[in-house]
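In the numbering used here, the protein residues as written are 1 to 160.
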């Protein structure tokens with residue numbers, strides 16, 4: 001079994017499945033189906049899904065909400081020792097929060113060619129000009145994550 005940063009691939013898939021569960025909850029609520037989980041020292045400390053429409057909040061991205069919840073659960077703003085699992089590649093805002101929160105690692109499913117900021121359009125995770133860098137693992141259960149997004153938007157277009 002391959003390892004990345006001491007975490008076995010099967011663990012990445014297990015945690016990404018939890019993020020996919022959150023994405024399914026988002027879809028059921030009429031939100032873009034993106035989910036996230038924060039894991040620290042092998043324990044899930046937070047789970048969240050997109051709530052931008054529900055909360056009328058442009059910052060209510062899944063991984064942003066999960067990181068805020070993780071900080072509260074851990075009682076600290078530094079998320080060192082934590083990995084953020086998210087079904088879609090983080091945007092600039094969320095990647096910036098990962099830098100500022102000092103996460104160790106981000107694992108994502110589907111790449112985002114229009115807004116991905118940890119390797120696709122930008123690479124905030126390895127920008128030496130910033131005060132923190134973090135590891136990125138891409139493509140974990142990418143087909144499942146992309147299918148959720150594709151099916152959601154296909155259904156929305158069909159309702160018009």
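We put the CB at the ideal spot given by N, CA and C, even for glycine.
For the 9 Å CB-CB criterion, residue 89 and residue 49 do not form a contact. DSSP, read as helix, strand or coil, puts residue 96 in helix. Considering only 152, 130, 31, 125, the residue with the shortest C-alpha distance to residue 138 is 125. Where residue 74 is concerned, the enclosing alpha helix (DSSP H) starts and stops at 62-74.
Restricting attention to beta strand (DSSP E) runs no shorter than 3 residues, the segment 8-48 encloses them at 35-40, ordered along the chain. Spanning the alpha carbons of residue 54 and residue 115 requires a straight line of approximately 22 Å. Looking at 43, 41, 155, 95, the one whose alpha-carbon comes closest to that of residue 65 is 95. In this structure, residue 73 sits away from residue 92, with a CB-CB distance that is not shorter than 9 Å. Taking the Cα of residue 150 as reference, the smallest distance to any Cα among 27, 13, 11 is reached at 27.
Counting along the chain, no alpha helix (DSSP H) covers residue 56, and no H or E run does either. With respect to residue 19, residue 87 sits close: the two C-beta atoms are nearer than 9 Å. 109 is the residue among 109, 113, 155, 69 whose C-alpha sits nearest the C-alpha of residue 85.
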